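If you count by mature numbering (1 follows the signal peptide of the UniProt record, and there is no 0), then the sequence shown holds residues -18 to -1, 1 to 116, one letter each, in order.
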Amino acid sequence: MKLIIILLLALFPLCSSASNHYALVFENNTILLVLNLKCSPCDLNCANIQYQLFNKETESVISGAAKPVTTGIENNFRGYMMRNNNTFYTLIESDNEKVWDMSVEEKGSQQNKDTVQKVKYQLNAIFDNGTCCV
């Protein structure tokens, strides 16, 4: 119940009539991720993306700026990257449009720069109110 209230509070500011705002929400048993994109759904290089990541196991919330991930010479869209201190979150599209792959990589502190811990998740896309009509 707490999680549903948090999700509703996170989505409330996204319910704007502005056509250049949209939200993406992803979830699995461990993570609930809300991306608030303040740009057109057709803008693959959106520079104004905010995220809120809810860890259901620890009941913790982190938030910050996200950026799009592109590959190749043509800058093909692949997903989103987020960062919180020494932890990097990468969310990448999979072949199934409803399932995305997330990797969480924790880099070591200044003393242990070589230490890296990597965890992979699959997240289900449960909400997307942006449609690109090109």
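Every residue gets a Cβ at the ideal spot worked out from N, C-alpha and C, and that includes glycine. For clarity, every value in this text was computed on a predicted model and none was experimentally measured.
Item, Value
"I need the straight-line Cα distance from K80 to V98, nearest angstrom please.", "29 Å"
"For L19 and I44, what's the separation of their Cα atoms in angstroms?", "17 Å"
"For A47, count the other beta carbons within 10 Å of its own beta carbon; 16 or more makes it buried, fewer makes it exposed. Which is it?", "exposed"
"Quick check on this structure: which residue in E41, Y4, M63 has the alpha carbon closest to the alpha carbon of V51?", "M63"
"Going by DSSP, what residue range makes up the beta strand (DSSP E) through N30?", "Segment: none, N30 is in no beta strand (DSSP E) and carries neither H nor E."
"At the level of alpha carbons, what is the spacing between L17 and E56?", "24 Å"
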